[in-house]
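Student:
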Amino acid sequence: MAKSKKTTALEKYNAPFAVNLRNFMDIHPVTGAKTTQKQLADYLGVRPQTVSCYCMGESIPDVERLMQIKEYFGVSADFLITGERLENAPIRDTLGLSETTIEKLKLVKENYFEDTPQMLYMLDYLLGDQEFYFTLERASDIADAKRRLAEKRQQFEEEHGEDSYGYAEERRELTEQSDFLDWKMTQIFESYFVNYANRDYKTAYFQSQWDKAAEQNVATAKEEADLQEGMAAYKKAHPEPESADDLIAEMAAENGGN
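Just so we're on the same page, the numbering used here is the position in the sequence shown counted from 1, plus 38.
#1: Using DSSP with H/G/I as helix, E/B as strand and the rest coil, what is PHE151?
#2: Expressed to the nearest angstrom, what Euclidean distance is found between the alpha-carbon atoms of ALA56 and ILE119?
#3: Counting only the same chain and skipping the five closest in sequence on each side, list residues whose C-beta sits under 7 angstroms from that of GLY134.
#4: Quick test of your reading: GLY121 and PRO67, contact by CB under 8 angstroms. State the CB separation rounded to the nearest angstrom.
#5: With H, G and I counted as helix, E and B as strand and the rest as coil, what does DSSP make of ARG85?
#6: Hey, could you find the ends of the alpha helix (DSSP H) GLU102 is sitting in?
#7: Is it buried or exposed for MET63, if we count other Cβ within 10 angstroms and need 16 for buried?
#8: For the segment 168 to 178 and the segment 187 to 205, state whether three or more C-beta atom pairs, one from each stretch, are separated by less than 8 angstroms.
#9: So does the segment 129 to 144 actually touch the segment 205 to 219, counting three or more Cβ pairs closer than 8 angstroms?
#10: I'd like to know if the segment 96 to 108 and the segment 67 to 83 are in contact, where contact means that at least 3 CB-CB pairs between them fall below 8 angstroms.
#11: Decide if PHE12 is buried, meaning its Cβ has at least 16 other Cβ atoms within 10 Å, or exposed.
#12: Which value, in whole angstroms, describes the spacing of the CA atoms of GLU383 and LYS222?
#13: Where does SER90 sit, in a helix, a strand or coil, going by DSSP?
#14: Please report the distance separating the alpha-carbon of GLY204 from that of LEU161.
#15: Between TYR230 and PHE170, what straight-line distance do the alpha-carbon atoms span, to the nearest angstrom?
#16: THR74 by DSSP, collapsed to three states: which one?
#17: On a Cα-Cα basis, can you pick out the residue from PRO99, ALA183, GLN75, ALA47 that is closest to LEU212?
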């Protein structure tokens with residue numbers, strides 16, 4: 039009978055639950071605050087050593103503790119255990135966004151940044167602007183050039199590093215090339231984001247909200263008008279029955295009052 043492979047301490051430490059728990063303790067998914075082992079232990083009603091074992095992957099909580107932990111961090115159980123939300127699967131599969139990015143976008147959508155309600159509008163404009171992607175493309179080309187230059191400098195120093203005084207011209211040229219690429223990268227982002235920042239997003243955001251409210255009011259008014267029209271048509275097709283008193287009076291009139 040083959041022996042089962044023993045899980046190493048490193049494998050336990052890198053287990054999904056242990057990794058997610060440490061990440062959530064470093065940055066609370068909702069508040070952004072740091073959580074100490076004692077704080078979480080007090081909430082769970084356990085010793086800090088127990089939480090330490092959870093973080094190290096030495097043990098996993100039972101169902102009751104798991105529910106408490108997910109409630110503390112304001113996440114779903116599947117997100118706590120796997121680091122991914124099942125509900126986000128379509129977005130991940132369609133757009134290829136990471137779980138972290140999706141969660142941050144949700145926070146923006148849910149108005150987590152109360153003092154900046156226009157943030158979603160800003161992101162929508164940014165991600166919908168074709169020039170933004172061209173800017174990233176140009177920046178990526180420069181990043182590749184910087185990487186190649188860094189490799190060239192490393193190779194140069196490996197060959198001539200012992201000569202601290204020689205090859206001054208070559209060293210200066212490599213430094214100037216590096217500085218130029220840094221400057222060019224700065225110019226690319228500065229050029230785009232200065233124009234981006236000059237837009238009045240707050241006014242545009244509130245205007246969009248007013249437009250939505252106006253559209254909603256029109257839709258509500260139309261819905262009420264349609265409802266009134268429907269009720270009138272129903273009443274016309276289904277007249278209310280006459281009362282008994284009305285029927286008696288009508289029969290008496292037909293009989294000449296007898």
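Even for Gly, the Cβ is constructed at its ideal location relative to N, Cα and C.
Tutor: Here's the rundown:
#1: coil
#2: 8 angstroms
#3: none
#4: Not really, about 11 angstroms apart at Cβ, beyond 8 angstroms.
#5: coil
#6: 101 to 111
#7: buried
#8: no
#9: no
#10: yes
#11: Not covered by the structure: residue 12. The range shown for the chain is 39 to 296.
#12: Nothing about residue 383 can be read from this structure; the chain reaches only from 39 to 296.
#13: helix
#14: 51 angstroms
#15: 7 angstroms
#16: coil
#17: ALA183
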